[in-house]
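*Asks:* Okay, here's the structure, questions in a sec.
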Ligand code: BTN
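Numbering (full-length UniProt numbering), first residue to last: 85 to 330.
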């Protein structure tokens, strides 16, 4: 992964560019990156503020995988980022399904956009944004209580080319298993060991619905298992953990 790599000083969104170019035949493993994004996209249709100093990039994956393995793409990406950050001395945690936190605050988000053909994912663009080398004061006021940057949280800057190379190496390793049907299940234990969500009281937003309960586990498919007040357990394939208490 990472060959070819397209760098630009500025793009609206590396995911948008990668999806457009994918439709024109961009090869598997290509990476589209930008020093600054002017229209960065987050999950749930939100904007993603992407100033100078961050790491904003998208990886095009053309290894076909079964549609039911689609959630694996983001879960495995979060593990790749976790491993690469650990190598650089950053001690992070994963918040289900794919946020990376340092000291309880978000430093990295992942937005995977797929194009499926029947029961198969034809290609996917995995967009990864890391708030790396800029002060947390540059993040929007409204998210400052739950987001930070590596520079502010750890007190040092990331060697960005090295971290990018490490993420791509790990991602390559993890994605190879997908074609053979060996996806998240094979790394579930490692992933869980870094996950901060389990054992907590959570509120999970799924579209407009809010599910409240205790996060008890993540299954082989990567779904979050939430124990409801009535004792039933609900399996959540996707969603966003809005609040996790103690
Ligand atoms: C989230 O909401 O947590 C996901 C954020 C994903 C941001 C990255 S930055 C690189 C890529 N390009 C985008 O426009 N978004 C993703």
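Glycine included, each C-beta is placed from N, C-alpha and C at the ideal position. All values reported here derive from a predicted model rather than from experimental measurement.
Given a threshold of 16 other Cβ atoms within 10 Å of its Cβ, counted over all protein chains shown, does residue 95 qualify as buried or as exposed?
*Replies:* By the neighbour-count rule (16 or more Cβ atoms within 10 Å), residue 95 is buried.
*Asks:* Compute the Euclidean distance between the alpha carbons of residue 143 and residue 328, then round it to the nearest angstrom.
*Replies:* If you take the alpha carbons of residue 143 and residue 328, they lie about 30 Å apart.
*Asks:* Is residue 211 close to the ligand BTN? I mean its beta-carbon at under 6 Å from any heavy atom of the ligand.
*Replies:* Under cutoff, so the answer is yes.
*Asks:* Going by DSSP in three states, residue 275 sits in which element: helix, strand or coil?
*Replies:* The answer is helix: DSSP assigns residue 275 an H, G or I state.
*Asks:* Does the beta-carbon of residue 91, which I'm using as the reference point, lie nearer than 6 Å to any heavy atom of the ligand BTN?
*Replies:* No, Cβ of residue 91 sits at least 6 Å from all heavy atoms of the ligand BTN.
*Asks:* According to DSSP, simplified to helix, strand and coil, what is residue 222?
*Replies:* The answer is helix: DSSP assigns residue 222 an H, G or I state.
*Asks:* Among 293, 305, 300, which has the Cα closest to the Cα of residue 326?
*Replies:* Nearest C-alpha to residue 326: 293.
*Asks:* Can you find the residues in the same chain that come closer than 7 Å, C-beta to C-beta, to residue 261, ignoring five residues on each side of it along the sequence?
*Replies:* Cβ within range, chain order: 267, 270.
*Asks:* Decide yes or no for the touch test of the segment 146-161 against the segment 219-239: beta carbon pairs closer than 8 Å, at least 3 of them.
*Replies:* The segment 146-161 vs the segment 219-239: no contact.
*Asks:* Considering only residues of the same chain and omitting the five flanking positions on each side of residue 206, which have a CB-CB separation below 7 Å?
*Replies:* So the list reads 148, 199, 200, once near-sequence residues are dropped.
*Asks:* Do you know whose CA, among 306, 132, 92, 290, lies nearest residue 274's CA?
*Replies:* Nearest of 306, 132, 92, 290 to residue 274, Cα basis: 306.
*Asks:* Given this structure, state the Cα-to-Cα distance separating residue 126 from residue 192, to the nearest angstrom.
*Replies:* Roughly 11 Å separates the two Cα atoms.
*Asks:* Using only the heavy atoms of the ligand BTN, determine whether one of them is closer than 6 Å to the beta carbon of residue 98.
*Replies:* At least one heavy atom of the ligand BTN is nearer than 6 Å to the Cβ of residue 98, so yes.
*Asks:* Determine the burial state of residue 98: buried for a count of at least 16 other Cβ atoms within 10 Å of its Cβ, exposed for fewer.
*Replies:* That one is buried.
*Asks:* From 225, 137, 115, 253, pick the residue whose C-alpha is nearest to that of residue 165; which is it?
*Replies:* The residue with the shortest Cα to Cα distance from residue 165 is 253.
*Asks:* What is the rounded straight-line gap between the Cα of residue 285 and the Cα of residue 90?
*Replies:* When rounded, the distance between both Cα atoms is 42 Å.
*Asks:* Quick check: the Cα distance between residue 131 and residue 122, rounded to an integer number of angstroms?
*Replies:* Answer to the nearest angstrom: the Cα atoms are 10 Å apart.
*Asks:* What is the DSSP secondary structure of residue 252, counted as helix, strand or coil?
*Replies:* Looking at residue 252 - three-state DSSP - the assignment turns out to be helix.
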